Amino acid sequence: MKLDFTFLCGTLVLAMDNITSIKYCLYARKSSEQDERQAMSIDSQIKEMRAMAERDGLNVVAFKQESFSAKESGKRPVFNEILIDLRTGQYNGILTWAADRLSRNAGDLGSLVDLMDEHGKFYLVYNKPESSQNGDFPGTVFTGSSNMTYRGLVGQGELNDSHRDKSKFKEYEGQFKELWDSAKSIAIADSHNKDEFIKELKARIWKYQIPSPHEMYIRVLHEVFNQEEREGILSPSKITNGQFTDLEYQLDAVRMGIERLEKYDGVIVADVVGLGKSVIASCIARNLDMNTVIIAPPHLMPQWEDYKEQFGIRGSRVYSSGSISQVYERYKDSNDPILIILDEAHRYRNEDTNDYKLLHQVCRSHPNNKILVLTATPFNNAPKDVFALVKLFQTPGQATIRSVDNLSLRFRELIDRYKKLRRIMAKGVDQELIDKEAEEIAIEQRRLIESVIIRRSRLDLKQITRYRDDLARQGIDFAEVVGPELMEYDLGNLLSLYLETLNAISAPTGGRGLHRGTL
């Protein structure tokens, strides 16, 4: 009996090896322990796994669930039943939401690993003679399904076990020698075809491919300027019968927003104030045609009620930003995917608040939910705050954002740098050094989230020819921002009394007044 462990889209799949038609048992678990509060509810786990099974064509033949802690070995009756059913062939695979749903203790983990022992994969690590404790500790054997690669050890969340006792090591050593002695070599290449083999190998490995300058130029253009051509995009003017004007920069944001929602399940629209983020979001919602939940500050709720009527947003409801608990109760176990629009989303940047925790569960209540984040101040917040918004639609450690190899790790590093910077600022050291580090942190933060953010300023609209010409044709111009001007006010006979009073209240004990200025 052989069992294989693999992560698929955040869901752990255990399947016995060499079986052409795998029968799965779907297993969901949640306890009332404090450290399990962030786990999905049992119903939500089942819905997400059912969606995955339907998408990937998995044959689920049994459903098991229980509300027990997994910290103690052998204490879960349903899990124990699953182990028996696996051994008797009732099914040959387990589908579960995350690895810790199956086991949080060494004993139950060992029971699963025992089912993998015939997987044909184990590793022997020999100790040097001087470290073997006179032969009593010859080495360590690792069993399990992981390949010794990053994805095998970390990325896929596979399970393994290790043994250090001499008898176990010798047992596996004997198995290896037996397999080695009885194995037959397969000649992949020999002296007769080695040149042809190496030539063919190099032709198939990217390391030996040297693209031409033209190919590199085309690839750069594709990466920087590529926009998916979508047919049938409904524009604001078409949706509202001319109540809203079609502006090029808004249409581009609608196209990019839809593309990124489909690719990453979320997007942050962060245009500066006054460029129409709400119009862009409403147009995206109408084009996606999903049941929509809009969460906005109380003073913006009437505006959103108008937008949902003008843009015909299907199945939409507007909630106050202070009513997250109502949103949670209504949508925590939704059977259908929803689009969630968060206006002024910087209000939800603190992961430690109860509102954020409830909002996070709503956002992840269905695997096909889409999150549309609206904020004008994405880079005024600490990296931790920005990462909190990203985590509403991306799973740390399994992010589909590919700006770096590991988004979660890079954000953690950035958060540590920011904390260090705050400590330096408190000490009042070189301001130039502080400014330089703050700028580098901001640049790195932009780089990390550039694939999921849409941000333009008024200056961008003037500098990008297509946008500038489109606004000029439609007679639209933005007001120039000018600096403050000095205005003098004549206090007349009160001037001397004003100055005496100001100096009196601003003077240190026993000293003279410190006021300096122009009136």
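The opening position of the sequence shown corresponds to residue 11 in my numbering, with each subsequent residue numbered one higher.
Backbone N, C-alpha and C define an ideal beta-carbon position, used for all residues, glycine too.
What you are looking at is a predicted structure, and each value in this text was computed from that prediction instead of being measured.
Which residues in the same chain have their Cβ closer than 8 angstroms to the Cβ of residue i, if we skip the five residues on either side of it in sequence?
i: A61; result: H376, P377 and N378
i: F179; result: L134, P148, G149, T150, V151 and H173
i: V492; result: none
i: D118; result: A80, S83, G84, R86, F89 and L112
i: G286; result: L257 and Q260
i: R229; result: P221
Where residue i and residue j are concerned, what is the direct C-alpha to C-alpha distance, given to the nearest angstrom?
i: L471; j: E225; result: 31 angstroms
i: S177; j: V71; result: 40 angstroms
i: D191; j: K138; result: 24 angstroms
i: N416; j: E447; result: 22 angstroms
i: L469; j: T255; result: 21 angstroms
i: L96; j: G103; result: 8 angstroms
i: D365; j: R483; result: 45 angstroms
i: Y274; j: A452; result: 22 angstroms
i: S113; j: S79; result: 9 angstroms
i: D343; j: V337; result: 11 angstroms
i: K33; j: E76; result: 20 angstroms
i: I220; j: F403; result: 37 angstroms
i: G502; j: G252; result: 56 angstroms
i: K209; j: S222; result: 20 angstroms
i: G184; j: D66; result: 40 angstroms
i: D175; j: A199; result: 40 angstroms
i: S335; j: E361; result: 15 angstroms
i: S333; j: V289; result: 23 angstroms
i: I305; j: L443; result: 40 angstroms
i: L352; j: H370; result: 12 angstroms
i: Q313; j: C373; result: 23 angstroms
i: Q455; j: I425; result: 10 angstroms
i: T511; j: L504; result: 11 angstroms
Can you tell me where the alpha helix (DSSP H) holding residue i begins and where it ends?
i: Y366; result: N364 to C373
i: L271; result: E258 to Y274
i: E206; result: K204 to A213
i: S142; result: Counting along the chain, S142 falls outside any alpha helix (DSSP H), and DSSP gives it neither H nor E.
i: I451; result: Q441 to I459
i: I228; result: P223 to F235
i: L105; result: Looking at the DSSP string, L105 is not in any alpha helix (DSSP H); the run it does join, the beta strand (DSSP E), is G103 to T106.
i: R114; result: Segment: none, R114 is in no alpha helix (DSSP H) and carries neither H nor E.
What three-state label does DSSP hand residue i in the structure shown?
i: H173; result: strand
i: Y218; result: helix
i: T98; result: helix
i: K74; result: strand
i: I381; result: strand
i: L68; result: coil
i: G184; result: helix
i: L244; result: coil
i: I323; result: coil
i: G252; result: coil
i: R39; result: strand
i: K85; result: coil
i: L424; result: helix
i: S330; result: strand
i: F397; result: helix
i: F147; result: coil
i: K342; result: coil
i: F10; result: In this structure the chain extends from 11 to 529, so residue 10 is not present and cannot be described.
i: I464; result: strand
Report all residues from its chain with a CB closer than 6 angstroms to the CB of residue i; omit the five preceding and five following residues, and keep chain order.
i: R324; result: D299
i: K318; result: S326
i: I464; result: A263, M266 and V279
i: Y218; result: K212
i: N345; result: none
Spatial neighbours of residue i within its chain, please: C-beta separation below 7 angstroms, excluding the five flanking residues on both sides.
i: W107; result: T21, A38, M50, Q55, E58 and M59
i: R357; result: S331
i: E258; result: R476, Y477 and D480
i: A355; result: V383, L384, T385 and L399
i: K430; result: none
i: R359; result: N391, D395, A398 and L399
i: V282; result: A386, S467 and R468
Following the continuous beta strand (DSSP E) through residue i, name the residue where it begins and the one where it ends.
i: F132; result: F132 to Y136
i: L352; result: I348 to L352
Distance cutoff 8 angstroms, beta carbons only. Does residue i sit that close to anything in chain B?
i: N364; result: As a matter of chain content, chain B is missing from the structure shown, which is built from one protein chain.
Is any non-hydrogen atom of the ligand COA found closer than 7 angstroms to the C-beta of residue i, if you look at the structure I gave you?
i: S333; result: Absent from the structure shown: the ligand COA. Ligands present: none.
Runs of beta strand (DSSP E) lying entirely within the stretch 271-315, each at least 3 residues, in chain order: 276-279 and 301-306
Ordered list of alpha helix (DSSP H) runs contained in the stretch 470-512, each at least 4 residues: 475-483
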